[in-house]
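Colleague: Provided herewith is a single structure, encoded as structure tokens, for subsequent inquiry.
Number of protein chains: 2
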Amino acid sequence: MGEAGGPATIKAFEERLFEVSTSLPKRLRQCADYVAANKDRIAVSTVAEMAEGAGVQPSAFMRFCQIMGFSGFSEMQRLFRETFVGGWPDYSTRLQHLREKAEGSPSALLAEFVEAGRASLENLLKTVDAHHLEDAVAALSKANMIHIIGLRRSFPVASYMSYAFEKMDVPAMLHSAVGRLDSRNAIRDGDVVLAITFSPYSVETIELVEAVSARGIPVVALTDTIVSPLRKFDAITLSVSEVDFGAFRSLSATLCLAITLSVAVGTARSG
Amino acid sequence: MGEAGGPATIKAFEERLFEVSTSLPKRLRQCADYVAANKDRIAVSTVAEMAEGAGVQPSAFMRFCQIMGFSGFSEMQRLFRETFVGGWPDYSTRLQHLREKAEGSPSALLAEFVEAGRASLENLLKTVDAHHLEDAVAALSKANMIHIIGLRRSFPVASYMSYAFEKMDVPAMLHSAVGRLDSRNAIRDGDVVLAITFSPYSVETIELVEAVSARGIPVVALTDTIVSPLRKFDAITLSVSEVDFGAFRSLSATLCLAITLSVAVGTARSG
DNA sequence: CAAAAAATGGAATTTATAGTCCATTATGGT
DNA sequence: ACCATAATGGACTATAAATTCCATTTTTTG
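Line order of the protein sequences matches chains S and Z. Residue 1 is where the first sequence starts when you use our numbering, and the numbers rise one by one after that. Residue 1001 is where the second sequence starts when you use our numbering, and the numbers rise one by one after that.
Below, the structure written as structure tokens:
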């Protein structure tokens, strides 16, 4: 205990965490990352729980506490328990509070979007058709190459899937329409097109689907409702309905479905 | 009520507390009063501390817990600790199990991602700093031009914000590094840079922030934890921690914050 | 490529805390 | 006022958690 004692405030704690985080071996870095993302849990967890969360041994977590400047876990925990005072109402109380009291402020807006996102996610589970999802995974898994098209509002989803496929060594090409270059001739037999479009639907996407569909190329479509124009073509359609707030959508549900599709295809291919 | 276990929710706890409070001897009533006024402390205190606060012996407090329907203090405390962290039992371990368990079933995978997304959203609401958010909105609202940079995994977020700003007539430029063109000279005095980066952090983004930061251009950063390298620079930092699956994140919380920021800036400018 | 240093995992140990028991004190009824 | 009953305080025990130690593995360095 010759140590003058570790950080005395959460702010100091964060600074120390950052300072230390640059030069840390594997396991201790895991501790740092987990702690950074779950500071609120320190107050109510045991070393064993924190260690498990970080995916390390309790003793490793202890070493981390010491590196942070504390004598051990208990001392670190004390900091968080004391700072905890009376704050932290639960989720629903806080949400309500933000909505009413902070009306017009960015925080209130955040509360609305969070709520819309949550509702969309819950809805997604109810509406997604398990068979269609499996069919989509099967089709994409068999493809020589996956051609992803999604423009404007759908572009974030398309680019995200492109990133995910790349990371999993799934051959995929993102059709981004940069410079109005049309790359539809890159689509060959044995390939599959993954089309993403939401109202208002991009004509470019519809056109592309129409063209490849006529050639007998399988199409998997990620779209909003059943009335989507992509329905006309003989595509495996996955529909997501986002709850929107004002004129904007948070895309939570769509991205959730997108990542699921990506990971499922990735594992199906490697397995 | 069967002795099979005490109240399972905070609400049930409060009801039981009220129900019981009418017929209680002196010391136990002290316990009830103290608990009613300090519910939040239960999660982070020991019996001894609670007893001292209530002005009774630890054994008296134990009896109180039993009268409330719990087997002892630990069981009562568990209720409060769990509702505090949101009820999720160890995500990283759960997702690890998912690897083996949900293989072959895309629907199960979807359910997990939905759940992860929901948890991330709840967590976002709890952890976002209202002041930083307001500062970020203020800074971006004053900008002549907003320069958005976000590569790889962050690119979907960057492109989404770019789309949203465009729709709201907010002057914004997406720095996409297409063709390795470096457009940092487009950034002028009076502009603001909005940098988005998540672990593993893109060097291009860090470099850009470093360069413009030195020139005195304000930077708003959207990043994951406080360990992010963007911390070094004098930026307004908004951090989001997303529950991830291997190398993948559903981005639900991140996009939610992104759209909030966009809409807040959009309305602040037009108002 | 071998030796040294650092990092790690797991078991052993220590400490703190919850939970129990019983003698003593207060309370209410006859 | 006395007995019966309930409530209380404090010491004791069991249990769970924090912390330490050391053998083993991994990484670095000459």
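Note that the Cβ used here is the ideal one computed from N, Cα and C, for glycine as well.
Taking just the CA atoms, how far does Phe1013/Z sit from His175/S?
Modeller: Taking the first residue of the first sequence as 1, we reach residue 175/S at position 175. Taking the first residue of the second sequence as 1, we reach residue 1013/Z at position 13. Cα-Cα distance, rounded: 56 Å.
Colleague: Any idea what DSSP makes of Val1170/Z, helix, strand or coil?
Modeller: If you number the second sequence from 1, residue 1170/Z lands on position 170. In this structure, Val1170/Z counts as coil in the three-state DSSP scheme.
Colleague: Indicate whether at least one CB of chain Z lies closer than 8 Å to the CB of Val157/S.
Modeller: Locating residue 157/S in the first sequence gives position 157, where the first residue counts as 1. Yes, Val157/S counts as interfacial toward chain Z.
Colleague: What would DSSP say about Arg1249/Z, mapped onto helix, strand or coil?
Modeller: As a working mapping, residue 1249/Z is identified with position 249 in the second sequence. Arg1249/Z falls in the strand class under three-state DSSP.
Colleague: Nearest chain S C-beta to Cys1256/Z closer than 8 Å, yes or no?
Modeller: Taking the second sequence and counting its residues from 1, one reaches residue 1256/Z at position 256. Yes, its Cβ sits closer than 8 Å to a Cβ of chain S.
Colleague: What residues in the segment 115-135 of chain S have a beta carbon less than 7 Å from any beta carbon of chain Z?
Modeller: Residues Gly117, Arg118, Leu121, Leu124, Leu125, Val128, Ala130, Leu133 and Glu134.
Colleague: When the Cα atoms are used, what is the spatial distance from Lys167/S to Val157/S?
Modeller: Against the first sequence, residue 167/S aligns to sequence position 167. Against the first sequence, residue 157/S aligns to sequence position 157. Going by the C-alpha atoms only, they are around 15 Å apart.
Colleague: Check the Cβ of Pro1106/Z against every Cβ in chain S and list those closer than 7 Å, keeping chain order.
Modeller: As a working note, residue 1106/Z is residue 106 in the second sequence. Those within 7 Å of Pro1106/Z in chain S are Leu133, Glu134, Val137, Thr260 and Ala264.
Colleague: Just the chain Z side, please: which residues come within less than 9 Å of Ser241/S by C-beta, in chain order?
Modeller: Locating residue 241/S in the first sequence gives position 241, where the first residue counts as 1. Per Cβ cutoff of 9 Å: no residues; Ser241/S is ~14 Å from chain Z at best.
Colleague: Which one of Pro106/S, Val137/S, Phe80/S and Lys232/S has the shortest CA to CA distance from Leu1257/Z?
Modeller: Sequence index remark: in the second sequence, residue 1257/Z carries index 257 (1-based). Comparing Cα-Cα distances from Leu1257/Z to each of Pro106/S, Val137/S, Phe80/S and Lys232/S, the minimum goes to Pro106/S.
Colleague: Is Ser250/S close to chain Z? Criterion is C-beta to C-beta, closer than 8 Å.
Modeller: Residue mapping note: residue 250/S aligns to position 250 of the first sequence, counting from 1. Interface residue, yes.
Colleague: Taking 8 Å as the CB-CB limit, is Leu222/S close to chain Z?
Modeller: Here residue 222/S refers to the residue found at position 222 of the first sequence. It does not; no Cβ of chain Z falls within 8 Å.
Colleague: Which of the three DSSP states, helix, strand or coil, is assigned to Ala235/S?
Modeller: Here the question's residue 235/S lines up with position 235 in the first sequence. Three-state result, Ala235/S: coil.
Colleague: Taking the alpha-carbon of Arg215/S as reference, which of Val193/S, Phe198/S and Ser199/S has the nearest alpha-carbon?
Modeller: Numbered from its first residue, the first sequence carries residue 215/S at position 215. Arg215/S has its Cα closest to that of Val193/S, out of Val193/S, Phe198/S and Ser199/S.
Colleague: Within 8 Å of any Cβ in chain S, is that where the Cβ of Leu1140/Z sits?
Modeller: On the second sequence, position 140 is the one that residue 1140/Z refers to. No, because no Cβ of chain S sits closer than 8 Å to the Cβ of Leu1140/Z.
Colleague: Is Arg1063/Z close to chain S, meaning its C-beta is less than 8 Å from at least one C-beta of that chain?
Modeller: Residue 1063/Z sits at position 63 when you count from the first residue of the second sequence. No - not a single Cβ of chain S is within 8 Å of the one on Arg1063/Z.
Colleague: Report the option in Arg1029/Z, Val1203/Z, Phe1113/Z and Met1068/Z whose CA atom is closest to the CA atom of Leu255/S.
Modeller: To locate residue 255/S, count along the first sequence from 1; it is residue 255. Closest by alpha carbon: Phe1113/Z.
Colleague: With DSSP run on the structure shown, which of helix, strand or coil describes Gln1096/Z?
Modeller: For this step, residue 1096/Z is matched to residue 96 along the second sequence. Because Gln1096/Z carries a pLDDT of 48, less than 50, the predicted location of this residue cannot be relied on, and the following value inherits that uncertainty. The answer is helix: DSSP assigns Gln1096/Z an H, G or I state.
Colleague: Any C-beta of chain Z sitting closer than 8 Å to the C-beta of Phe73/S?
Modeller: Translated into the one-based positions of the first sequence, residue 73/S becomes position 73. No, Phe73/S lies away from the interface with chain Z (no Cβ there is under 8 Å from its Cβ).
Colleague: Using 8 Å as the limit for Cβ to Cβ distance, is Phe70/S near chain Z?
Modeller: In the first sequence, counting from the first residue as 1, residue 70/S sits at position 70. Taking Cβ atoms only, chain Z never reaches closer than 8 Å to Phe70/S, which makes this a no.
Colleague: Relative to the ligand SAM, is the shortest distance from any of its heavy atoms to the C-beta of Ala48/S smaller than 7 Å?
Modeller: With respect to the ligand SAM, the structure offers nothing, as it holds no ligand at all.
Colleague: How would you list, in chain order, the residues of chain S whose beta-carbon sits under 8 Å from the beta-carbon of Val1212/Z?
Modeller: By one-based count along the second sequence, residue 1212/Z stands at place 212. Under the 8 Å cutoff, chain S gives no residues; its nearest Cβ is about 21 Å from Val1212/Z.
Colleague: Exposed or buried, what is Phe1018/Z when buried is set at 16 or more other beta-carbons lying within 10 Å of its beta-carbon?
Modeller: Your numbering for residue 1018/Z matches position 18 in the second sequence. That one is exposed.
Colleague: Can you tell me where the alpha helix (DSSP H) holding Leu1222/Z begins and where it ends?
Modeller: Here the question's residue 1222/Z lines up with position 222 in the second sequence. Here Leu1222/Z belongs to no alpha helix (DSSP H); instead the beta strand (DSSP E) covers Val1219 to Thr1223.
Colleague: Out of Asp1182/Z, Thr1223/Z, Val1035/Z and Asn1144/Z, which one is the CA nearest neighbour of Glu1204/Z?
Modeller: Within the second sequence, the letter at position 204 stands for residue 1204/Z. Answer by Cα proximity: Asp1182/Z.
Colleague: What do you reckon, are the CB atoms on Ser252/S and Ser1252/Z nearer than 8 Å?
Modeller: By 1-based counting over the first sequence, the position of residue 252/S is 252. By 1-based counting over the second sequence, the position of residue 1252/Z is 252. Yes, the Cβ-Cβ distance between Ser252/S and Ser1252/Z is below 8 Å.
Colleague: From the beta carbon of Leu109/S, is the nearest beta carbon of chain Z less than 8 Å away?
Modeller: Reading the first sequence from its first residue, position 109 is the one you call residue 109/S. By this cut-off, Leu109/S is an interface position.
Colleague: Taking CB distances under 8 Å as the criterion, tell me whether Asp33/S reaches chain Z.
Modeller: In the first sequence, the residue the question calls residue 33/S occupies position 33. Judged by the 8 Å Cβ criterion, Asp33/S is in contact with chain Z.
Colleague: Put Val1128/Z into one of helix, strand or coil per three-state DSSP.
Modeller: As a working note, residue 1128/Z is residue 128 in the second sequence. Residue state, collapsed to three classes: coil.
Colleague: Do three or more CB pairs link the segment 206-222 of chain S to the segment 235-244 of chain S at distances below 8 Å?
Modeller: With the cut-off at 8 Å, the segment 206-222 of chain S and the segment 235-244 of chain S touch.
Colleague: According to DSSP, is Ile187/S part of a helix, a strand, or is it coil?
Modeller: Walking along the first sequence from the start, residue 187/S turns up at place 187. Reduced to three states, the DSSP call for Ile187/S is coil.
Colleague: Count the other C-beta atoms from every protein chain shown that fall within 10 angstroms of the C-beta of Arg118/S, then say buried if there are 16 or more, exposed otherwise.
Modeller: Residue mapping note: residue 118/S aligns to position 118 of the first sequence, counting from 1. Result: buried.
Colleague: Would you call the CB atoms of Asp1191/Z and Met1145/Z closer than 8 Å?
Modeller: Here residue 1191/Z refers to the residue found at position 191 of the second sequence. Here residue 1145/Z refers to the residue found at position 145 of the second sequence. Yes. Within cutoff.
Colleague: Would you mind telling me which residues of chain Z sit closer than 9 Å to Gly246/S, beta carbon to beta carbon, in chain order?
Modeller: Here residue 246/S refers to the residue found at position 246 when the first sequence is read from its first residue. Per Cβ cutoff of 9 Å: Val1263.
Colleague: Would a check of beta-carbon distances place Tyr1160/Z closer than 8 Å to chain S?
Modeller: Here the question's residue 1160/Z lines up with position 160 in the second sequence. By this cut-off, Tyr1160/Z is an interface position.
Colleague: Could you have a look at Thr197/S and say whether DSSP puts it in helix, strand or coil?
Modeller: For the purposes of this step, residue 197/S is taken as the residue at position 197 of the first sequence. Reduced to three states, the DSSP call for Thr197/S is strand.
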